[in-house]
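*Asks:* Right, I'll just put the structure down here and ask away after.
Protein chains in written order, with the working numbering: chain H, 26 to 396; chain A, 564 to 885; chain L, 8 to 374.
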């Protein structure tokens, strides 16, 4: 049993007089303790909405529908009432946001904001809370923490603000940390500092980390397992090295081809994905990526592609994946619904309930329910 | 199978070009805002109220059952103010008589025109003067360099002076200067709203002057005067238009207040809701309805303008655009 | 650079923004030295990449080069014409030859103009194309060049996707037939898959039209990809300038090294192997830059002598220009990196936009 099991999570926004938007459409993944799982995708792929839905932070508005399950240590976070959700939030599950300035209260000193968390979840008060807060700031690398406690967010630089936010997030030693584009607003050198800090936190405390980002470079250095999202669904899941070495889903291939690399020469042509993220095919009509895909075949349209599990514990949602050297397409197993898997050839990882030798995949077989 | 595949492919291609509907012309911001305005129930309610109001103001005087100046009640001896007798509603006189024996219903209908006139003209005066000052100041401050800042400073100190006077005091002094008349009320109410429009347009223009598309136009080599007129001004107008709608509501109320204070048209023969309200105060003890009718009419009209104004603010807000 | 046909030459350029305080009368209490003495030259038909982190003054430098922000001191010569002293009307005429592409394609396009009017504006200002038909022809050609369909003409910016908007921005610059294009973060607001489209488009346009680019970006990978020469800026000054390949294989300035080691590479093998140079702390305030070498407060190689009291000038070392006293010693391993104590900097007075510094605070100016 993984620490967090997200199964068939779906989020629909419906506005009066407008077409309902399915921002997240049956996303499943799981996170183990001490593991770093990446959710990667471009704007509108549903990665942030996924995290907000898990945290119960989506703005309450009529027309919002959240479906599926997000089981954290035996409790379904989506079914909790507000009170118990607030108890879990901050104590067991914490979140770091992209923009530290707007996530911090501008008129309250940093120190008070940190001690607030300590008081709320750990019952610390007064001098003791202040000492602990100073220690936390010190742990996240904020120099002269005692003085910083009295300062206001605007008096800190972007990197320091993000550190303060991380200090608040880890104040109660949460078991799961969700970081939504934690370094996007920061400069590269500061980004490197923050990523290093997050890596240390995971290594030292065994916290599970869900890293949401659009930056493939960040993912390559941080994550154990990576889920690539497109149009609200996970299109490919793999461990870090296999994903970058042999991307299977054409979208992953396209993303990797689009990124200029620091270690590539001047003027090497990039291979962009044509079209824009707006050119989505609705999933029920086929593969959302089909309109932009260069490996498009007839089978891409009509019905959504099923999730395919491979021997090496990867999965992708594509009927015509990029080939892998030394492997013929027939060797792969198509595990649509658990019952439909070809008998005898099903890889161990495809069996539901299997201990997560491959974390992040444990929930995969149940993925192919009705959308 | 091939035909099925062909169909599927067609479907893909069609869907891929969802964003490329070539036959359709582009939708400008104003069209877009109007589209969203229509979907907003508050806007619809406000617009209906105002439509009725305007319709009444235009055609009402031709349809009224009695002349609004005919003191028939006194002539017929039905209204005897001395004895505290001002009859209320009846089948012939829906809203009864006023203290001079005139038909209140007819006066309300005819008064709508005057009230609308006062509101619109007063707002127009405020808008014109305010937008002129604010526009010049905003363009000067945003694009004019050092000289521009000086011009802006001078104009804004003048506006600050206007703003420093309490609005009613300002209106009263203008009215005192010009003598009581309907024109006085309109000018006074208009002048009170000048600083609001001026500051609003100036602030909005300065904000727009710092935007990237103004920089882009500069880098294209477009003249500053042209940038101010074709880029900065049109993009700064939205809040001013919203404010004008909201000001119409307050202008009607303020005009009523001035009339109430006796600074409006001294000849109360021509009905106007504010004047009617002012007249009615004497008879509050005998027949409070005389005050309630114009008051309710003013409130509903002001509400209509406010609803529409707020809805327009929402529709024109770039942050809410999708 | 010698021997090449130089299109743009910048000499000792300075842009200082006054910091104003005071309620009734503005009082200048200091200056933000956004750009503080930059020399560079851009060869015709080549791409000069300018990298640096936010607040280093790279955008201000780009704008000052185009005279969109008046420089405080220094000289900018464009094809032999000195721009800083040019009369306003002459400068306006010159703008035809040097254009700009902006970071945020949404905010740099007037939301109330349709694409045709956006593209016509520049043509009208310079009287290019003669009549309506002539202009139409030029516009149609430009649309083809940037890969936009004809029906785009009647559309408004908000109806396009981010990538298409950036193409409109590029078309607006191209329609005048410029020689120099300053691209300020041309792809950083775009999605990853779209970035590559725009980068390729810029490359293509350069090949076809012989354009000269000044590309300003914080993304080193993009700059490396697109540039012939790269200049690295730190706190208002160039710290290193080298041919693109050389800069990436042999960074000489400690800041360049740190910057390079901080850029994530989408390859787990590279990520796991590489050595990171984490530079401590934040950027010092450009209103009060450190004495001597501006980087010495954060430099892992800073030495007790010279670094704190003598501002290093750019000097040539094997094809690169570096502003570091100890570049050779660091390169051959004579000097070792050491730990740096973090000094916190208050972000007061930061920012490279003049608007941030001197914009009047206007209560109630927004609805």
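Cβ atoms here follow ideal geometry from the backbone N, Cα and C, with glycine treated the same way.
Give me the Cα-Cα distance between residue 716 (chain A) and residue 806 (chain A), rounded to the nearest whole angstrom.
*Replies:* If you draw a straight line from the Cα of residue 716 (chain A) to the Cα of residue 806 (chain A), it comes to about 23 Å.
*Asks:* Helix, strand or coil for residue 186 (chain L), going by three-state DSSP, please let me know.
*Replies:* Note: residue 186 (chain L) maps to coil in three-state DSSP.
*Asks:* Out of H:81, H:140, H:91 and H:146, which has the shortest C-alpha to C-alpha gap to residue 117 (chain H)?
*Replies:* H:146
*Asks:* Rounded to whole angstroms, what's the CA-CA distance from residue 28 (chain L) to residue 75 (chain L)? Just pull it up for me.
*Replies:* In this model, residue 28 (chain L) and residue 75 (chain L) are separated by some 24 Å (Cα to Cα).
*Asks:* Considering Cα atoms alone, identify which of L:160, L:12, L:148 and L:191 is closest to residue 65 (chain L).
*Replies:* L:191
*Asks:* Can you pull the DSSP bridge partners for residue 16 (chain L)?
*Replies:* L:48 and L:84
*Asks:* Starting from residue 296 (chain L), follow its DSSP beta bridges and name the residues at the other end.
*Replies:* According to DSSP, residue 296 (chain L) bridges with nothing at all.
*Asks:* Can you find a CB in chain L that lies within less than 8 Å of the CB of residue 794 (chain A)?
*Replies:* yes
*Asks:* For chain A, find out if any of its Cβ atoms is closer than 8 Å to the Cβ of residue 267 (chain L); answer yes or no.
*Replies:* Chain A contact via Cβ: absent.
*Asks:* Consult DSSP for residue 250 (chain L) and reduce its assignment to one of helix, strand or coil.
*Replies:* strand
*Asks:* Answer with buried or exposed for residue 200 (chain H), where buried requires no fewer than 16 other C-beta atoms within 10 angstroms of its C-beta.
*Replies:* buried
*Asks:* Establish whether the CB of residue 368 (chain H) and some CB of chain L are separated by less than 8 Å.
*Replies:* Note that residue 368 (chain H) scores 39 on pLDDT, short of 50, meaning its location in the model is unreliable and no value can be drawn from it.
*Asks:* Quick one: give me the first and last residue of the alpha helix (DSSP H) that residue 760 (chain A) is part of.
*Replies:* 745-772
*Asks:* Across which residues does DSSP place residue 21 (chain L) in a beta bridge pair?
*Replies:* L:43 and L:80
*Asks:* For residue 383 (chain H) and residue 193 (chain L), I'd like the C-alpha separation in whole angstroms.
*Replies:* Residue confidence is low: residue 383 (chain H) scores 33 on pLDDT, short of 50, so the model does not pin down where it sits. Its coordinate-derived value is still stated next. Approximately 40 Å between the Cα atoms of the pair.
*Asks:* Check the Cβ-Cβ distances between residue 660 (chain A) and every residue of chain L, and say whether any is below 8 Å.
*Replies:* no
*Asks:* Using a 10 Å radius around the Cβ and a threshold of 16 neighbouring Cβ atoms, would you call residue 916 (chain A) buried or exposed?
*Replies:* Residue numbering for chain A in the displayed model covers 564 to 885; residue 916 (chain A) lies beyond these limits and cannot be assessed.
*Asks:* Beta-carbon of residue 732 (chain A) versus every beta-carbon of chain L: anything under 8 Å?
*Replies:* No, no contact with chain L.
*Asks:* Below 7 Å, is the gap between the Cβ of residue 234 (chain H) and the nearest heavy atom of the ligand FAD?
*Replies:* Here there are no bound small molecules, and the ligand FAD is not part of this structure.
*Asks:* What are the residues of the stretch 116-129 of chain L that lie near chain A, defined by any Cβ-Cβ distance shorter than 7 Å?
*Replies:* 116, 117, 118, 119, 121, 128 and 129
*Asks:* Can you tell which of L:295, L:320 and L:291 has its C-alpha closest to the C-alpha of residue 306 (chain L)?
*Replies:* For the residues L:295, L:320 and L:291, the minimum Cα distance to residue 306 (chain L) belongs to L:291.
*Asks:* Kindly indicate which residue of A:700, A:681 and A:742 has the alpha-carbon position closest to the one of residue 766 (chain A).
*Replies:* Residue A:700 is the option with its Cα nearest to residue 766 (chain A).
*Asks:* Which whole-angstrom value describes the C-beta separation of residue 311 (chain L) and residue 332 (chain L), a residue pair presumed to lie in contact below a C-beta threshold of 8 Å?
*Replies:* With 8 Å as the limit, residue 311 (chain L) and residue 332 (chain L) do not qualify as a contact, their Cβ atoms being about 12 Å apart.
*Asks:* Suppose only complete runs of 4+ residues qualify. What are the alpha helix (DSSP H) ranges in the stretch 83-170 of chain L, listed by chain order?
*Replies:* With a minimum length of 4 residues, the continuous alpha helix (DSSP H) runs that stay inside the stretch 83-170 of chain L are 95-101, 122-133 and 139-153.
*Asks:* Count the other CB atoms within 10 Å of the CB of residue 761 (chain A); is the residue buried (16 or more) or exposed (fewer)?
*Replies:* Buried, by the Cβ-count rule.
*Asks:* By alpha-carbon positions, which one of L:106, L:21 and L:119 ends up nearest to residue 592 (chain A)?
*Replies:* Out of L:106, L:21 and L:119, L:119 has the C-alpha closest to the C-alpha of residue 592 (chain A).
*Asks:* DSSP on residue 211 (chain L), reduced to helix/strand/coil?
*Replies:* Secondary structure of residue 211 (chain L) (DSSP, three-state): helix.
*Asks:* Taking beta-carbon pairs under 7 Å, can you tell me which members of the stretch 269-289 of chain L lie near chain A?
*Replies:* Cβ contacts with chain A: none found.
*Asks:* Run through the DSSP bridge pairs and tell me what residue 90 (chain H) is partnered with.
*Replies:* H:37
*Asks:* Determine the DSSP secondary structure at residue 136 (chain H), reduced to helix, strand or coil.
*Replies:* helix
*Asks:* Cβ closer than 9 Å: which chain L residues qualify as neighbours of residue 653 (chain A)?
*Replies:* From the beta-carbon of residue 653 (chain A), no residue of chain L is found nearer than 9 Å; the closest lies around 48 Å away.
*Asks:* Measuring CA to CA, which of A:822, A:878, A:863 and A:621 is closest to residue 743 (chain A)?
*Replies:* A:822
*Asks:* Count the other CB atoms within 10 Å of the CB of residue 40 (chain L); is the residue buried (16 or more) or exposed (fewer)?
*Replies:* buried
*Asks:* Rounded to whole angstroms, how far is the Cβ of residue 784 (chain A) from the Cβ of residue 100 (chain L), which I believe are closer than 8 Å?
*Replies:* Correct: roughly 7 Å between the Cβ atoms.
*Asks:* Would you check if the stretch 272-292 of chain H and the stretch 315-333 of chain H touch, i.e. whether three or more CB-CB distances between them fall below 8 Å?
*Replies:* By the Cβ rule, the stretch 315-333 of chain H counts as touching the stretch 272-292 of chain H, because three or more pairs are nearer than 8 Å.
*Asks:* How many angstroms separate the CA atom of residue 641 (chain A) from the CA atom of residue 619 (chain A)?
*Replies:* 28 Å
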